[in-house]
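Start counting the sequence shown at 1; every next residue gets the next number (UniProt numbering).
In what follows, a single structure is set out as structure tokens and then discussed.
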Amino acid sequence: MFKTDNDLSHVKWVLPHSPIRPVTANMGIVMPSWFDIQSFGFNTTEDEEGMRRSATLINALIENEIRSGIDASRIVLGGFSQGAAMSLLSGLTGSHQLAGIAVLSGWVPLKHKFKELASPNVASIPIFWGTGSVDQLVKLQYSKESSEFLTKELGFPALKPGEFKGLSYNVYDGLGHETTPKELEELKIFIKNAIPKL
Numbered sequence: 001m002f003k004t005d006n007d008l009s010h011v012k013w014v015l016p017h018s019p020i021r022p023v024t025a026n027m028g029i030v031m032p033s034w035f036d037i038q039s040f041g042f043n044t045t046e047d048e049e050g051m052r053r054s055a056t057l058i059n060a061l062i063e064n065e066i067r068s069g070i071d072a073s074r075i076v077l078g079g080f081s082q083g084a085a086m087s088l089l090s091g092l093t094g095s096h097q098l099a100g101i102a103v104l105s106g107w108v109p110l111k112h113k114f115k116e117l118a119s120p121n122v123a124s125i126p127i128f129w130g131t132g133s134v135d136q137l138v139k140l141q142y143s144k145e146s147s148e149f150l151t152k153e154l155g156f157p158a159l160k161p162g163e164f165k166g167l168s169y170n171v172y173d174g175l176g177h178e179t180t181p182k183e184l185e186e187l188k189i190f191i192k193n194a195i196p197k198l
């Protein structure tokens, strides 16, 4: 859908699939998952090992793009749900200053140690954050606490009108654990600002 937008015709899209693994919260069924989830209430221990393994895979993709000639400042990392959590973990703890991070229905993983893992100057990476007001999996309160963690603990400025750098936190009324055309349109605008045509 984004490829049909002429203002994004210069963008190379890399859409990785997560590894296949058993997911405890889903009765141990083997399915695509960046890491194991013990329960959907987020009150249990996180799969730090699985998250770090996936972050290594994602950062290897970034390194491949850089080796192929794309500057890190022209790379936007993004994802939905687990992919959003991994985008934050990979993008804010990696060794490169990216053009932006898109978080759809996500959360900050490993919050208890994220601050010590974060790269220097991460607060200068623009973030688009979209979440549903009635998300049944990543509850609004949890999403809000995660976004506040970025502003209070990592120093991300809240986005001001007419500005691009900072955290743009957007709640979509009536939206569950899914996306909506309005959110996708606003995401397109974010990507156009992050990596404009040269």
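Virtual Cβ for every residue (Gly too), placed ideally from N, Cα, C.
DSSP puts R21 in a beta bridge; with which residues? As a working note, residue 21 is residue 21 in the sequence shown. DSSP output for R21 lists M31 as bridge partner(s).
Is it buried or exposed for I125, if we count other Cβ within 10 angstroms and need 16 for buried? Sequence index remark: in the sequence shown, residue 125 carries index 125 (1-based). Answer is buried; the Cβ neighbour count reaches 16.
Taking F190 as part of the beta strand (DSSP E), name the residues at either end of that continuous run. Here residue 190 corresponds to residue number 190 of the sequence shown, with the count starting at 1. Where F190 is concerned, there is no enclosing beta strand (DSSP E), although the alpha helix (DSSP H) it sits in stretches over 181-194.
State the start and end residues of the unbroken alpha helix (DSSP H) segment that holds L170. Locating residue 170 in the sequence shown gives position 170, where the first residue counts as 1. The sequence given here has Asn at residue 170, not Leu. N170 -> not in any alpha helix (DSSP H); beta strand (DSSP E) instead, spanning 167-172.
In three-state terms, what does DSSP make of L88? By one-based count along the sequence shown, residue 88 stands at place 88. Helix, per DSSP.
Applying the criterion that 16 or more other CB atoms from any shown protein chain within 10 Å of the CB defines a buried residue, is Q136 buried or exposed? Reading the sequence shown from its first residue, position 136 is the one you call residue 136. By the 10 Å Cβ count, Q136 comes out exposed.
Ignore the nearest five residues each way along the sequence and tell me which others in Y172's own chain have a CB closer than 6 Å to its CB. The sequence position of residue 172 within the sequence shown is 172, counting from 1. Result list for Y172: G132, T180, E183, in chain order.
Which same chain residues, not among the five before or five after E178, have their C-beta less than 8 Å away from its C-beta? Numbered from 1 along the sequence shown, position 178 holds the residue referred to as residue 178. Here the set comprises S105, G132.
Could you give the distance in angstroms between the alpha-carbon of I62 and the alpha-carbon of S9? Within the sequence shown, the letter at position 62 stands for residue 62. Within the sequence shown, the letter at position 9 stands for residue 9. For I62 and S9, the distance between alpha carbons rounds to 20 Å.
Go ahead and label H112 buried or exposed: buried means 16 or more other beta carbons lie within 10 angstroms of its beta carbon, across all protein chains shown. Position 112 of the sequence shown, counted from the first residue, corresponds to residue 112. Classification of H112: exposed, given that the 10 Å Cβ count is below 16.
V14 versus G78: straight-line alpha-carbon distance, rounded: Position 14 of the sequence shown holds residue 14. Position 78 of the sequence shown holds residue 78. Rounded to the nearest angstrom, the two C-alpha atoms are 10 Å apart.
Have a look at the DSSP bridge pairing and note the partners of T131. As a working note, residue 131 is residue 131 in the sequence shown. The partner list for T131 (beta bridge, DSSP) reads V171.
Which of helix, strand or coil does DSSP assign to G78? Along the sequence shown, one-based indexing puts residue 78 at 78. G78: strand per DSSP, three-state reduction.
Take I72 as the anchor and find which of T151, V134, L92, W129 has the nearest alpha-carbon. On the sequence shown, residue 72 is found 72 positions in, with the first residue counted as 1. Here residue 72 is Ala; the residue named in the question, Ile, does not match the sequence. Residue L92 is the option with its Cα nearest to A72.
Beta strand (DSSP E) containing I101: first to last residue? Indexing the sequence shown from 1 puts residue 101 at position 101. Start and end: 100-104.
Three or more C-beta pairs under 8 Å: does that hold for the region 108-122 against the region 81-95? yes
Is it buried or exposed, M51, if we count other Cβ atoms within 10 angstroms and call 16 or more buried? By one-based count along the sequence shown, residue 51 stands at place 51. M51 should be labelled buried.
Please state whether DSSP places A60 in a helix, a strand or coil. Within the sequence shown, numbered from 1, the residue matching residue 60 stands at position 60. Residue state, collapsed to three classes: helix.
Under 6 Å Cβ to Cβ from L117, same chain only, skipping five residues before and after it: list those, please. Along the sequence shown, read from residue 1 onward, the residue named residue 117 stands at position 117. Excluding residues within five positions, the ones whose Cβ falls inside 6 Å are T93.
Under 8 Å by Cβ, that's how I've got S147 and L167 pegged, so tell me the actual separation to the nearest angstrom. For this step, residue 147 is matched to residue 147 along the sequence shown. For this step, residue 167 is matched to residue 167 along the sequence shown. Indeed they touch by this definition, with Cβ atoms about 6 Å apart.
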